[in-house]
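Residue numbers (the working numbering): 1 to 89.
Glycine included, each C-beta is placed from N, C-alpha and C at the ideal position.
Below is one structure, written out as structure tokens; the observations come after it.
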């Protein structure tokens, strides 16, 4: 008999995330092929002349391809603070 462990998802529904190519909001997620996959809806751009039929882009992305905007912003602030501190010394 073997035990399997299912890790909790890193992101949740409604969370704003970033990935190579843009930003979006998590709409759903599922566990498949050994990792979490997330359904990400990208924001709509300006309405084209011919009108809009539905959402522009909704894609499934692997957890390794996504990062949180909060973590990314905190990382950028920390880098900026470290550079300013180095200049002051």
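- A check of alpha carbon separations from residue 14 across 7, 31, 38 and 21 identifies 38 as the nearest.
- When the five nearest sequence neighbours on each side are left out, the beta carbons in the same chain lying within less than 6 Å of the beta carbon of residue 27 are those of 39 and 41, in order along the chain.
- With respect to residue 19, residue 36 sits apart: the two C-beta atoms are not nearer than 9 Å.
- Annotation: residue 65 to residue 50 spans about 33 Å, alpha carbon to alpha carbon.
- Inclusion of residue 67 and residue 25 in the CB contact set at 9 Å is not warranted, their separation being larger than that value.
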